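Novice: Please read through the structure below; I'll follow up with questions.
Number of protein chains: 2
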Amino acid sequence: MTVSSAPGKVYLFGEHAVVYGEPAVPCAIERRARVTVERRDDDRVRVNADDLTLDGFTVAWGGESDAPELNVPNNLVEAAMGYLDGAVEQARDAAEAPDAGLDISVESDIPLGAGLGSSAAVVVAAIDAAARELGTELGREALADRAFRVEHDVQDGQASRADTFCSTMGGAVRVQGDDRRQLDEVGNLPFVVGYDGGAGDTGELVAGVRELRDRHPFAADTVEAIGDLVWEGETLLQGEDTPLDELGQLMNFNHGLLSALGVSARSLDSMVWAAREAGAYGAKLTGAGGGGCIVVLDDSEGAKTALDYTPGCEEAFRAELDTDGVRRES
Amino acid sequence: MTVSSAPGKVYLFGEHAVVYGEPAVPCAIERRARVTVERRDDDRVRVNADDLTLDGFTVAWGGESDAPELNVPNNLVEAAMGYLDGAVEQARDAAEAPDAGLDISVESDIPLGAGLGSSAAVVVAAIDAAARELGTELGREALADRAFRVEHDVQDGQASRADTFCSTMGGAVRVQGDDRRQLDEVGNLPFVVGYDGGAGDTGELVAGVRELRDRHPFAADTVEAIGDLVWEGETLLQGEDTPLDELGQLMNFNHGLLSALGVSARSLDSMVWAAREAGAYGAKLTGAGGGGCIVVLDDSEGAKTALDYTPGCEEAFRAELDTDGVRRES
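Protein sequences appear in the order of chains W and P. Residue 1446 in my numbering is what sits at position 214 of the first sequence, and the numbering runs on without skipping anything. Residue 1315 in my numbering is what sits at position 83 of the second sequence, and the numbering runs on without skipping anything.
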């Protein structure tokens, strides 16, 4: 039996603009998906994911039956199956064990579909655990690449490399086009995440930004302004004694530019203001927007407490920068 | 006795950026300040302004006594006195009647200090009424210029020509640097104003934007993006059958860029979302921000009703585009 875990992530800066070649800085956070894999005697794959939704689900496929046995709505199962099926395929390929049967158990404390990279964390941890269980240890670059291929397939070619790379490597990461690298010497970042319990439609949000950008030169300039802001943020992050107040100011600015591009939401703005007025250094939506999560920079209890009492905030939690990335659990 | 009235205004586009030479489009709205002026036999000036605040005030100065008689807090009286004293001085100068005594009565249904140009409307109406009462009719350009000089003096050189020009001319106005002109053939604009009952500190907000702009190239780009957006908005406004949905989209974008520049507020964002979710074409803060008013484009009852029930919105009212500007009341 092998257990691996991998962290979720927030976007400190740059979501949406990254689609157009601008840099972005996702950061791994100390909220993890844990995947337990045990080799079976047959060639079947059995997945148990009690924690992935409130109700949990169990699904089995492979072997003689083509149709999976399931006890939850189809689209959710299809998505989860897609990610785990892909992870199993990658691990089997890496281990050159195409018919290996596996029992897989998934636990996660990353809210699903909320822009925190839950699927990437599950895929990264699953490939890592399954490959190890089948006798192969993948290098991090190779693991990140295989995890990306899974997300790429499941998300119809729309996946970003940022999520899987960040979840594999941990820490603060810089992505721009095909260039991806960990940022060195980043100090502690005291994040708080606020979650409205919902999620935006990523495809629709990305399409909305594209339409604005294609149509209006000032919207294209806004996308570029985000890129310029990311450059400054990256410099601040890597200096000694990162000035949290200046970083927070850039987060606030980034949130405004994202609002201009039409991807904020009433619930997100409401949480952002609650955090700022509670004394946070800064706050912004993270991910595609339209609902989901905000990320806050705050080293006091203020923002977390304020969010706990903010109508529309379903959950708020501290989540420091995770510097480990994927790891084998003892 | 002479009665003149002049309208308040909202910024459809461009506040803050206009400080840096970008264009802006203020629009006069059908909310007016009315000033009644009657010549006195002596050289005193007596002002009655019951409507200017909830409590109203009366103040008299000139004649033998240097110290004004007053019954309200000093700073408010000083500001109001400054505007009306300046208006009287301009009217006396225009009429070549330096010692003319006047009884002045001010009524206004424009919320004070809320970014709706209440002081400009009072000054414009007061100069117009006082000059007429003293036997002189000022041309509109001359009136706007004299009103600007009053605001310029009272506001320590920080006043924009936009407010006094817009209040004098009426309609939608384009201002850029020293260039000011009415936009022709603008159709009806169904505005709704939401007011949070407060006001931001204009000087502090302008200084905050300046600091961001001086410090960060992306903030300077954001200011420029507002200017580019105003150009597009101006073009839409002057076409036949102004597409309200496109105009509203530009208002939303403008609001986001202003948010990025740090001049929105929790109450303003809350009202903006309430209006948008109620089906408005668009909504944005108007004026300096930090509190005060939002302007909404909506031809249904939706936004007004939603704002009536939005916590933090103290007052919401319809105010169509005013095309008259200053006028003598019968």
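Every residue, glycine too, gets a C-beta built ideally from N, C-alpha and C. Quantities reported herein were computed from a predicted structural model and do not represent experimental measurements.
Classify P/N1420 as buried or exposed, calling it buried when 16 or more other Cβ atoms lie within 10 Å of its own Cβ.
Specialist: exposed
Novice: Going along the region 1242 to 1259 of chain W in order, which residues come within less than 8 Å of chain P, judged by CB to CB distance?
Specialist: Taking 8 Å as the Cβ-Cβ cut-off against chain P, none of the residues of the region 1242 to 1259 of chain W qualify.
Novice: What residues in its chain sit with their C-beta under 6 Å from that of W/R1263, if we drop five residues either side in the sequence?
Specialist: G1240, D1341, I1342, A1551
Novice: Is W/S1491 close to chain P, meaning its C-beta is less than 8 Å from at least one C-beta of that chain?
Specialist: yes
Novice: To the nearest angstrom, how far is the alpha carbon of P/R1406 from that of W/M1401?
Specialist: 53 Å
Novice: Just to make sure I have the definition right: I need the residues of chain W whose C-beta is within less than 8 Å of the C-beta of P/G1432. Which are they?
Specialist: Those do not exist, as P/G1432 stays about 15 Å from chain W at its closest Cβ, beyond 8 Å.
Novice: Could you please give the first and the last residue of the uninterrupted beta strand (DSSP E) stretch that includes W/L1334?
Specialist: 1334 to 1340
Novice: Quick check: is the beta carbon of W/N1303 nearer than 8 Å to any beta carbon in chain P?
Specialist: At W/N1303, the pLDDT of 48 sits below 50, so the modelled position is not reliable; the number obtained from the coordinates is stated separately. W/N1303 does not count as touching chain P.
Novice: For a cutoff of 8 Å on Cβ pairs, would you count W/D1501 as touching chain P?
Specialist: yes
Novice: Using only CA atoms, which one of P/V1356, P/I1458, P/S1532, P/D1477 lies nearest to P/F1380?
Specialist: Selection P/V1356, P/I1458, P/S1532, P/D1477 evaluated against P/F1380 yields P/V1356 as nearest (Cα-Cα).
Novice: Taking buried to mean at least 16 other C-beta atoms within 10 Å of its own C-beta, is W/Y1541 buried or exposed?
Specialist: exposed
Novice: From the DSSP output, in three-state form, read off W/D1554 for me.
Specialist: W/D1554 sits in coil when the DSSP states are folded into three classes, being neither helix nor strand.
Novice: Here's the rule I'm using: 16 or more other beta-carbon atoms within 10 Å means buried, otherwise exposed. How should P/D1411 be labelled?
Specialist: exposed
Novice: Compute the Euclidean distance between the alpha carbons of W/L1444 and P/V1320, then round it to the nearest angstrom.
Specialist: 50 Å
Novice: Taking only the alpha-carbon atoms, compute the straight-line gap between P/A1281 and P/V1338 and give it to the nearest angstrom.
Specialist: 5 Å
Novice: Under 7 Å, CB to CB, which of the residues in the region 1314 to 1331 of chain P have a partner in chain W?
Specialist: none
Novice: Would you say P/A1457 lies against chain W (beta-carbon separation less than 8 Å)?
Specialist: yes
Novice: Just to make sure I have the definition right: I need the residues of chain P whose C-beta is within less than 9 Å of the C-beta of W/D1341. Which are they?
Specialist: Near W/D1341 there are no residues of chain P at all, since even the closest Cβ is about 30 Å away, more than 9 Å.
Novice: In or out: P/P1475 buried (at least 16 other Cβ within 10 Å) or exposed?
Specialist: Residue environment: P/P1475 is assigned as exposed (fewer than 16 neighbouring CB atoms within 10 Å of its CB, all protein chains considered).
Novice: Does DSSP put W/V1504 in a helix, in a strand, or in coil?
Specialist: DSSP, read as helix, strand or coil, puts W/V1504 in helix.
Novice: How about P/Q1481 and P/E1254: are their beta carbons less than 8 Å apart?
Specialist: no
Novice: Mapping the DSSP letters down to three states, classify W/S1392 as helix, strand or coil.
Specialist: Secondary structure of W/S1392 (DSSP, three-state): coil.
Novice: What did DSSP end up calling W/Q1387 once you bin it into helix, strand or coil?
Specialist: coil
Novice: May I ask whether a heavy atom of the ligand ATP can be found less than 7 Å away from the beta carbon of P/A1512?
Specialist: What this structure holds is no ligand at all, so the ligand ATP is not there to describe.
Novice: Can you tell me which residues form a DSSP beta bridge with W/Q1470?
Specialist: For W/Q1470, which the question treats as bridged, DSSP gives no partner whatsoever.
Novice: Using the beta-carbon count (16 or more within 10 Å), is W/E1247 buried or exposed?
Specialist: buried
Novice: Of all the residues that make up the region 1458 to 1478 of chain P, which are near chain W by a beta-carbon distance shorter than 7 Å?
Specialist: Within the region 1458 to 1478 of chain P, the residues whose Cβ lies closer than 7 Å to some Cβ of chain W are D1460, L1461, E1464, listed in chain order.
Novice: For the region 1490 to 1508 of chain W against the region 1482 to 1496 of chain P, do three or more pairs of beta-carbon atoms, one drawn from each stretch, fall closer than 8 Å, so that the two count as touching?
Specialist: yes
Novice: At what residues does the beta strand (DSSP E) containing P/E1262 begin and finish?
Specialist: 1257 to 1271
Novice: For the region 1314 to 1331 of chain W and the region 1389 to 1399 of chain W, state whether three or more C-beta atom pairs, one from each stretch, are separated by less than 8 Å.
Specialist: no
Novice: Going by CA-CA distance only, name the one from P/E1509, P/Y1513, P/Q1390, P/G1523 that's closest to P/A1538.
Specialist: The residue from P/E1509, P/Y1513, P/Q1390, P/G1523 with its alpha-carbon nearest to that of P/A1538 is P/E1509.
Novice: Got a sec: is the Cβ-Cβ distance from W/E1509 to anything in chain P below 8 Å?
Specialist: yes
Novice: Residues in the same chain with beta-carbon distance under 8 Å from P/L1370, minus the five sequence neighbours each way, listed in chain order, please.
Specialist: A1326, I1359, D1360, A1363, R1378
Novice: Strictly below 7 Å CB to CB, what residues from chain P border W/H1448?
Specialist: E1464
Novice: Closer than 6 Å by C-beta to W/E1547: which residues in its own chain qualify, once you throw out the five before and the five after it? Chain order, please.
Specialist: Y1427
Novice: Exposed or buried, P/R1324, counting other C-beta atoms within 10 Å across all chains shown (16 or more means buried)?
Specialist: Label assigned to P/R1324: buried.
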